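Asks:
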Amino acid sequence: MQAEETPLKGCFLIHNTVFNDDRGYFFESFNAARFYKETGIQAPFVQDNQSHSVKGVLRGLHFQKGEFSQ
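FYI, the numbering for the sequence shown is 1 to 70, going by full-length UniProt numbering.
1) Going by beta carbon distance, what residues of the same chain come within less than 7 angstroms of T6, once the five residues before and after it are set aside?
2) Determine the contact status of F27 and F19, defining contact as a CB-CB distance below 9 angstroms.
3) Hey, could you find the ends of the alpha helix (DSSP H) F45 is sitting in?
4) Hey, out of L8, G40, M1 and F63, whose CA is closest to N31's CA?
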């Protein structure tokens, strides 16, 4: 995730890396730690991901708790 400043104060254009293959695509659309590093702004939520799967693809759900929770 990269944040590009715009002429409008406090407004950023966010650039993400999208991972594509024959199953569809996936990308992390927001990450609070990276956003803070890029902009100096703290966000009220931690992470957001987006994906799209073609017909017949089953995606798993990830859950993690503890020090490295997501």
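Idealized CB from N, CA, C, for every residue including glycine.
Since the model is a prediction, treat every value here as computed from it, not as a measurement.
Replies: Put simply:
1) Excluding residues within five positions, the ones whose Cβ falls inside 7 angstroms are F12 and L13.
2) yes
3) Under the DSSP assignment, F45 falls outside any alpha helix (DSSP H); it carries neither an H nor an E label.
4) Scanning L8, G40, M1 and F63 for the CA closest to the CA of N31 turns up M1.
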